[in-house]
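Following: one structure in structure tokens, then a few remarks.
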Amino acid sequence: MVLKEIKNIFHKELDEGYRKEEVDSFFYLLIEHYLGLERFVLALQPNLVVSKGEEQALFAALSQLRLHRPIQYIIGNAHFMDMDFKVDKDVLIPRPETEELVRWMVFELSAKPHGISILDIGTGSGCIAISLAKNLPEAKVFALDISEKAIAVAKQNAVDNDATVEFMHYDILNLDALATKFDVIVSNPPYVREQEKRTMHKNVTEYEPELALFVPNGNPLKYYEAIARFASKNLKKNGSLYLEINQYLAKETERLLRKHNFSEIVLRKDMFGNNRMMKGFDLNGVVY
Ligand SMILES: C[S@@+](CC[C@H](N)C(=O)[O-])C[C@H]1O[C@@H](n2cnc3c(N)ncnc32)[C@H](O)[C@@H]1O
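Reading the sequence shown from the start, the letters are residues 342 to 629 in my numbering.
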């Protein structure tokens, strides 16, 4: 079969469930992944003949897309901060909003004159920690997660991206103090309330790890409470805490940070105009 015909079949099968541009973008990602072809090849050689094996791989991916399996899990890869990250069912797919958080941090922390220590809580694929290590080469970066499977993926991503990060296996809900104290703590913890689940797309609720996403309706800030408590004990004086937050709970998150003596709190919107990031300083942190 020729490339153009296969693309037409993709549109025929998928246009009902996805936007047309999304289907185009899936197709381009797949021909790049399975055939090693860049998207412009389709424009130049629409009648390029695809081998039987390649055809099978493309149609297998098409069946999974029909079931709304995320394209990143199908190809096992996600782009984040201009890097490639291995992803599988045990880790959240890195989001563009999280990239905005990392860019904000890189912008602010690049100005720090000396090597700083940074801890990423709930590292998942390692996307935040690894991007910080690559973009702030003077920094010493640590990362923790409760999921050993996620840590294994994150470790592989650090190797693949040639980044140095020290990964640790801990439960932030039961962690008091670590031997190292940090200049900066960052986290994108689980924050989606069970009640928000029904507004979410199938590709998230049926495929991404529950452990990475959901919190009980009655206690939606339980991770932020644990992180703020931990940060107030493990940040150095004037250390900063950066968080990705639930857009509907900005006021509550700010109140919680103030309760734990964080000050100079800044709330930032993401590219969609949603309240998505927060920063606070621990002016009373541990003096080193
Ligand atoms: C929203 S995901 C964020 C993943 C990654 N940092 C990112 O931004 O794409 C939250 C992460 O927190 C981890 N996690 C959940 N409960 C935890 C706990 N009690 N202690 C430490 N990590 C936890 C999950 O395994 C998951 O990797």
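The beta-carbon is built from N, C-alpha and C at its ideal position, and this holds for glycine as well.
- Nearest Cα to Lys345 within the set Gln413, Val382, Asn616, Ile462: Val382.
- Gly467 and Asn498 have their alpha carbons spaced roughly 7 Å apart.
- The criterion of a C-beta distance shorter than 9 Å is not satisfied by Ile513 and Ala480.
- Lys430 sits exposed, since fewer than 16 C-beta atoms from the chains shown fall within 10 Å of its C-beta.
- Boundaries of the beta strand (DSSP E) harbouring Gly621: 616-623, taken from the DSSP string.
- In the three-state reduction of the DSSP assignment, Met446 falls in the helix class.
- Within the same chain, Ile487, Ser488, Pro531 come within 8 Å of Leu552 by CB-CB distance, once the 5 residues on both sides are set aside.
- Cβ neighbours of Glu373 within its own chain (closer than 8 Å, five residues either side excluded): Glu379, Arg380.
- In the three-state DSSP reduction, Leu408 falls in the coil class, being neither helix nor strand.
- Leu376 is the residue among Ile459, Ala591, Leu376 whose C-alpha sits nearest the C-alpha of Leu389.
- Taking Arg410 as the centre and dropping the five residues before and after it, the same chain places the C-beta of Tyr548 closer than 6 Å to its C-beta, in chain order.
- Ranked by Cα distance from Phe622, the first of Thr540, Asp524, Met541 is Asp524.
- For the options Glu449, Lys475, Gln413, Gln386, the alpha carbon positioned closest to that of Asp501 is the one of Lys475.
- Short note on Asp512: C-beta closer than 8 Å to some heavy atom of ligand 1.
- For Asn418, the enclosing beta strand (DSSP E) starts and ends at 418-421.
- Within its own chain, the residues whose Cβ lies closer than 7 Å to the Cβ of Leu370, once the five positions on either side in sequence are excluded, are Ile412, Ile416, listed in chain order.
- Set against 8 Å, the gap from the CB of Glu585 to the closest heavy atom of ligand 1 is smaller.
- In this structure, Ala491 lies near Val432, with their beta-carbon atoms less than 9 Å apart.
- Between the segment 604-617 and the segment 434-454, the count of Cβ pairs shorter than 8 Å is three or higher; the stretches touch.
- Annotation: the segment 566-603 contains the following complete segments of the beta strand (DSSP E) (minimum length 3 residues), in chain order: 576-585.
- If only complete runs of 4 or more residues are kept, the segment 503-555 shows the alpha helix (DSSP H) at 543-546, 551-554, in order along the chain.
- In the three-state reduction of the DSSP assignment, Ser472 falls in the helix class.
- Annotated three-state conformation of Glu605 is strand, per DSSP.
- Membership of Ala499 in the alpha helix (DSSP H) is indicated by the continuous run 489-501.
- Residues Glu440, Val443, Arg444, Cys468, Ser472, Lys475, Asn476 of the same chain have their beta carbon placed closer than 8 Å to that of Met422, with the five preceding and five following residues left out of the count.
- Placement of the Cβ of Ile459 at a distance of 8 Å or more from every heavy atom of ligand 1 is found.
- Assigned with DSSP and collapsed to three states, Asp425 falls in strand.
- For the segment 346-402, the continuous alpha helix (DSSP H) assignments of 4+ residues that do not extend past its boundaries occur at 361-376, 381-385, in sequence order.
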